[in-house]
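Okay, structure first, notes after.
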Amino acid sequence: TIMLNTKGMVCSRAEASSLSSQRAKVRYFSQCDRNSSFFHAILKSHRSCRHIATILDNDNKVLHAPAQVAEEFIRNYKHLLGPSKAVTDFDEHTVNRGALVSAAAARRLIKPS
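As numbered in this note's numbering, the sequence shown has no gaps in its residue numbers, which increase by one up to the final residue, 151.
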């Protein structure tokens, strides 16, 4: 397909799409840091992408209420992780008898990246 760009020059559909994409990127980078309505619209869009509004439970019933969605997640992860078990007491003597990390290795482990 042959198209005309904004300057009246002939271009293909792929070129026109690329040009449109480039314009969108220019607009994004020129306005995203200005605390503008555009910036806030982007934030709102990103926030809504991370939101789970509905979920199916084990009976294939659609849950919409936020409390029900949260409860279904908790129920699912409790099932996935299994029942809670009693934890044995910490035996400091056994830990102290084990292999120790050298001072140099310890410094490397806690060194900020």
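For each residue, glycine too, the CB sits at the ideal point set by N, CA and C.
Since we're looking at a predicted model, the values are computed, not measured.
The beta carbon of V139 lies closer than 6 Å to none in the same chain, with the five residues before and after it left out. In this structure, the straight-line span from the alpha carbon of N134 to that of S122 is close to 28 Å.
Measuring C-alpha to C-alpha distances from F111 to each of S83, A91 and D127 identifies A91 as the nearest.
Beta-bridge pairing by DSSP links I93 to L101. S83 sits in a helix when the DSSP states are folded into three classes. When S151, S59, Y66 and Q106 are compared, the shortest CA-CA separation from N96 is found for Q106.
In the DSSP assignment, R146 falls within the alpha helix (DSSP H) that extends over A141 to I148.
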